[in-house]
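Here's the structure, in C-alpha cells; my notes come after.
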Amino acid sequence: MDKDELDYEKFITSFCGERDRIFGYIRALLPNQADAEDVFQRTSLVLWKKFADYDQSMPFLPWACSVAHFEVRNFARIASRDRLQFDETLMQQIADDRLNKSVDKDSRINALQDCLKSLKPQEKEVIDLVYRKGISIRAIADEKSIPCQTLYNQVSIARRKLHDCVQRKMTLRSQTS
Amino acid sequence: MIESFNKNDLFELLDALFDNQITVEQHSRLQKILKSNPAARSEYLAYNELVCNLNAMNCAAGDLPNGPPSFLEAVSKVSSTSSADLRKTSKNPIAESRIALAACLLLAVGGFSLLTHWFLKQVDKPSDFLMANKQLSDVRVSQISFANFFEQLTPAVESKLFRDLEYALTSGKIELGFPTGATAIIDAPAIFQIADDTRLLLTTGKCSVYAPPGAEGLVVDTPMANVVDLGTRFVVDVDQLGQTRVQVVEGEADVRTKRLKGTSNSSATEVINLHEREARLLINEGGTMVRPIAFEEGRYVNKLPDRILNFSTTIDSLGGSQELTSVSVQRGNVILNYAIESLIGVDITQFNASSDTCIIQPSSTNHKSLPYEQTVSELVLKNVANLSSGLINIGGSVEPLATDPILSTNESTIAITPGMAIRFQRPIINESGPDFVVFELQTIVNPEQGDPFHVSPLRFSDNLRSLTVRAYDIDLNSPEAKTLSQQSLVRLERIPQSFEELFASRIVEQRLHNIRSKVLAVGVDLSDLGYNQGDSVEGLFLQDALDDNNYFDPVFIAGFPSLTQHSLGN
Chain R
404 MDKDELDYEK
414 FITSFCGERD
424 RIFGYIRALL
434 PNQADAEDVF
444 QRTSLVLWKK
454 FADYDQSMPF
464 LPWACSVAHF
474 EVRNFARIAS
484 RDRLQFDETL
494 MQQIADDRLN
504 KSVDKDSRIN
514 ALQDCLKSLK
524 PQEKEVIDLV
534 YRKGISIRAI
544 ADEKSIPCQT
554 LYNQVSIARR
564 KLHDCVQRKM
574 TLRSQTS
Chain Z
55 MIESFNKNDL
65 FELLDALFDN
75 QITVEQHSRL
85 QKILKSNPAA
95 RSEYLAYNEL
105 VCNLNAMNCA
115 AGDLPNGPPS
125 FLEAVSKVSS
135 TSSADLRKTS
145 KNPIAESRIA
155 LAACLLLAVG
165 GFSLLTHWFL
175 KQVDKPSDFL
185 MANKQLSDVR
195 VSQISFANFF
205 EQLTPAVESK
215 LFRDLEYALT
225 SGKIELGFPT
235 GATAIIDAPA
245 IFQIADDTRL
255 LLTTGKCSVY
265 APPGAEGLVV
275 DTPMANVVDL
285 GTRFVVDVDQ
295 LGQTRVQVVE
305 GEADVRTKRL
315 KGTSNSSATE
325 VINLHEREAR
335 LLINEGGTMV
345 RPIAFEEGRY
355 VNKLPDRILN
365 FSTTIDSLGG
375 SQELTSVSVQ
385 RGNVILNYAI
395 ESLIGVDITQ
405 FNASSDTCII
415 QPSSTNHKSL
425 PYEQTVSELV
435 LKNVANLSSG
445 LINIGGSVEP
455 LATDPILSTN
465 ESTIAITPGM
475 AIRFQRPIIN
485 ESGPDFVVFE
495 LQTIVNPEQG
505 DPFHVSPLRF
515 SDNLRSLTVR
525 AYDIDLNSPE
535 AKTLSQQSLV
545 RLERIPQSFE
555 ELFASRIVEQ
565 RLHNIRSKVL
575 AVGVDLSDLG
585 YNQGDSVEGL
595 FLQDALDDNN
605 YFDPVFIAGF
615 PSLTQHSLGN
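As you go down the protein sequences, you meet chains R and Z in turn.
Using my numbering, the letters of the first sequence correspond one by one to residues 404 to 580.
Using my numbering, the letters of the second sequence correspond one by one to residues 55 to 624.
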C-alpha cells in the first residue's frame, strides 16, 4: 500500500468515526438542513484535501470541527444575503454549548420513533409528508387546497408534541439509568 | 445580562426559523434571547436535534431505485482527491440517486453528535483550533469574474473580506473596494491578505490599482517592497520568488524597497518615485536590486470582462428559486438590468436527447402516481420561466459542428443532429458583450464549472464557426448561483431523437429529484461565433460537448434586446 492509499485509509477511518459529530456540529450552527448539508459536503472535501496537514498524533474531531467552523463562517458570510444567519458571537456560544452537551443520538432516535406512534393520525400524516416524503408545505397545501399557514401550524404543533415527548423520555431515561 | 424568556414565544420563533418563515425582526429577537440565556440555547439545541432527526427520515424512506452504495464508495465519489474526479460523477439520474442516497446515509445512519466522555475529557474545544478567529475588514468585494479560491467559497459581491486571512485566488479575477475609494483588481493565480483598510499584502500574483483623487494612500505590500499609491493607476506583479514588477500607468507611486532577510546589512532600503509610463523590476541579488524595465502596454487591467453578473427569481416557501424575474449583465462595460419581460424568449424547434429522462419539472406538480395526466407538450410548454423546468440531458458530440445541423429528414438512415435547435422569438443583434444568456441546472455533486456545451449557427458561412462554452459566468462556486426549488424528473418511454418523437412520447415515470440543484448562468457573445457587430441572428444550435458523463441541462435561454432599444426604453 503506497502512502496515498495509506492516507486515504486513515482518512476514511477517522472520517467515518466522526462524521455524525461533524454534521451535528455544523447543523447546530446552521439551522437550515440544506445549508448544513452543503457545508458538510464542502467540509468533507476540504478535510480530505487538507488531511496531509493534519497532525495525526492529535484527535481528529477538534481538527475537523475547526475546519467545519471556518466553512460555516465562510458560508454564513456569503449566504447572509439569501437567508438570515446567526451572528458570529451567537455561533461561538452555540458551538461552545454544543461541545459541553452530551448528545445520546441513538436514544433520541429511539425515543422519536416511539413518540411518532403517539401522534394523532392527521399529525402523523403531515409529519410523514413533510419529513419522510420531503414534500414542500406549499405543494401539500396546493394538493389539499388548504392555506399554507394552516399546514405550518399543524407541523409546528406535531413537532412540539414530538419534542416534549422526546424530552420527557430522555429525562426519564437519565433518571433511571 | 440573562433575560427571562417565555417558552412559547421561544418555540414560535424556533418554528419560524426551522420552517424558513422567520422575519428579520423575529430573527433579531431570537438571537437576543439565545445570546443572553443559556437555557434558551439548550432548548434550541434540543429542538434542532429533533428537526435534524426528522429530516434524516427523508433519506431513510428507501424509495430510490437502486440499493445504496457503501459509505466508502460514496466518499470515494464525493470526497475525491481533486475536483477533476468529482467531474466524472455521473449525471445519470439513477447514478445520481445512488450518490444522493449515499450522501443521505452519511447524515441519516449516524445521526447527530454524541460527545462522549472521552471527547469531553481529551479534546479541547474546536474554538481553540480555529483558523477563523479573524476580524472582518471594511474592504469589500466589488466585482468577481470566474473567481475561485483554494479551499474557500468565493466571497459574494459586496461582502467584506477577513483581515489577516490568506486568500488564494486560483482562477479568475476579483475587484476589491477599499474604504478610501481605491480599487484593486487581482488576477489569478494570486495569494493576498488584507492587512488593514489601506494595506494589501500581495504574496504572489498581479494587482491593478486605481485610486481616484482623494483616495490616495493605498499600500501594496510585496515581499520586496511597499508600493504606495500617490493618486494613480499602477500595476504590481509578484512572481513566486517574490520578485516584483511595478508599472505606473497614470499619476505616480512610491516604491519603498525592503531589507530582505538573510541578506547583508549593507543592502539599504530606498524609495523610488515612479511616474506615468515608468516601470521597475525588483530582484533579489544579495539584497533588493531595482532595475528599470520597459513599460508594457496592456499589463494594467482596468475592468472585468463583460459577463452575466446576477439574476433574481421568485422564491418558494423553502427558499428555493422558481421563476426568473430579471438578469443583470455587463455589456460593453455597462451594467444593465433586464426584467424578464424585456428579454427575447426562444422556441425550441428541434430536439435530439441523450437520455429518456429529458424533462424536468417543478416538484409541486408531480407527487401523483400513475396514470400521469399530463402530456409531454403540457409539461414542455408550461412553466417556461421556471428555472426548475425544461428539456435536459440534450444530445451532443465531442467535436463541435463545422457544417449545418440536420434539422429534418425524410430518410431513415439520416439522423437528426443530436442537440437542440432554438429560434429567438425575434432576431437578436450582435452587439458588445453577451447577446444572450443560458441558464443551466446543475446538481451540487456535478462539475463546479457547469457542463460544457457547443453553440453553432444554424447556417454556416465563411466566417461563422461553433463556440464551445467551458466556463459559466455564474458557476457552482459563485454565491450568485441560486438553489432551485425541488424538481421532479420525467422519464419517457424512449429516448426522443426528434421534436416529433418527444411530443409523441408517453410519460412512464415522474419522481422527485433527490439531489439539491443550483442554476448557473453564462452569457454568450455572438462575436465568438464569428458574427459581425450588428449582424442579426434568428436561431442557433446547442449541443452537449460530450466531455464526460454529465449532460448539458439548459432550463432557460433568452436573448438580450438591442443596446439601443434598451437605452431608449430606459
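Just so it is clear, CB atoms sit at the ideal spot from N, CA and C, and this is done for glycine as well.
Under the criterion of beta carbons closer than 8 Å, residue 231 of chain Z and residue 199 of chain Z do not qualify as touching, at roughly 15 Å. Counting of Cβ neighbours within 10 angstroms places residue 480 of chain R among the buried residues, the total reaching 16 or more.
Residue pairing by DSSP puts residue 326 of chain Z in a beta bridge opposite Z/309. Residue range 521 to 523 is occupied by the beta strand (DSSP E) that includes residue 521 of chain Z. Neighbours of residue 89 of chain Z in chain R, taken as residues at a C-beta separation under 7 Å, are given in chain order as 492, 493 and 496.
Using beta-carbon distances, residue 522 of chain R does not count as an interface residue toward chain Z, since no partner is under 7 Å. Within the stretch 454 to 465 of chain R, 462, 464 and 465 place their CB atoms closer than 7 Å to a CB of chain Z, listed in sequence order. When DSSP states are grouped into helix, strand and coil, residue 487 of chain Z belongs to the coil group.
In the three-state reduction of the DSSP assignment, residue 531 of chain R falls in the helix class. Within the same chain, Cβ atoms closer than 6 Å to the Cβ of residue 562 of chain Z are found at 545 and 547, the five residues on either side in sequence being excluded. Interface flag for residue 95 of chain Z against chain R is set, since a Cβ pair is found closer than 7 Å. In summary, residue 442 of chain Z is buried, with 16 or more beta-carbon neighbours lying within 10 Å of its beta-carbon over all protein chains present. For residue 574 of chain R, the uninterrupted alpha helix (DSSP H) run begins and ends at 551 to 579, by DSSP. With a contact defined as Cβ atoms closer than 8 Å, residue 254 of chain Z and residue 216 of chain Z miss out at about 13 Å. Residue 504 of chain Z sits buried, since 16 or more C-beta atoms from the chains shown fall within 10 Å of its C-beta.
Taking 7 Å as the threshold, the shortest C-beta distance from residue 243 of chain Z to chain R does not fall below it.
Here DSSP, grouped into helix, strand and coil, assigns residue 416 of chain R to helix.
The residues 365, 378, 441, 573, 574, 575, 608, 609, 610 and 611, in chain order, have a CB closer than 8 Å to that of residue 493 of chain Z in the same chain once the five nearest residues on each side in sequence are set aside.
Shown in chain order are the members of the stretch 190 to 220 of chain Z whose Cβ falls below 7 Å from a Cβ of chain R: 205, 206, 207, 209, 210 and 213. Residue pairing for residue 365 of chain Z: DSSP places it in a beta bridge opposite Z/381. At a C-beta separation below 7 Å, residue 413 of chain R has no neighbours in chain Z, since its nearest C-beta there lies roughly 13 Å away. Taking C-beta atoms under 8 Å as the contact rule, residue 263 of chain Z and residue 353 of chain Z fail to qualify, at a distance of about 13 Å.
Interface criterion met: the Cβ of residue 434 of chain R is under 7 Å from a Cβ in chain Z. Burial of residue 527 of chain Z is indicated by the presence of at least 16 other C-beta atoms within 10 angstroms of its C-beta. Not a single CB atom of chain R sits nearer than 7 Å to the CB of residue 366 of chain Z. Take the alpha-carbon of residue 524 of chain R and the one of residue 498 of chain R: they are about 37 Å apart.
Pairing residue 521 of chain R with residue 107 of chain Z, the inter-Cα distance amounts to about 17 Å.
Look at residue 571 of chain R: its C-beta is not under 7 Å from any C-beta on chain Z.
Residue 528 of chain R and residue 550 of chain R have their C-alpha atoms roughly 17 Å apart. By the neighbour-count criterion, in which 16 or more other beta carbons inside 10 Å mark a residue as buried, residue 575 of chain R falls on the exposed side. Residue-level contact check: residue 288 of chain Z does not touch chain R, since none of the beta carbons of chain R fall below 7 Å from its beta carbon.
For the options Z/376, Z/392 and Z/65, the alpha carbon positioned closest to that of residue 85 of chain Z is the one of Z/65.
Taking a beta-carbon distance threshold of 7 Å, residue 567 of chain R does not count as an interface residue toward chain Z.
Non-local beta-carbon contacts of residue 412 of chain Z in its own chain, meaning distances under 7 Å to residues more than five positions away in sequence, involve 445, 446, 447, 546 and 550 in chain order. For residue 281 of chain Z, the CB contacts under 6 Å within the same chain, skipping 5 residues up- and downstream, are 274, 290, 300, 307 and 309 in chain order. About 7 Å separates the Cβ atoms of residue 613 of chain Z and residue 397 of chain Z, confirming a contact at the 8 Å cut-off.
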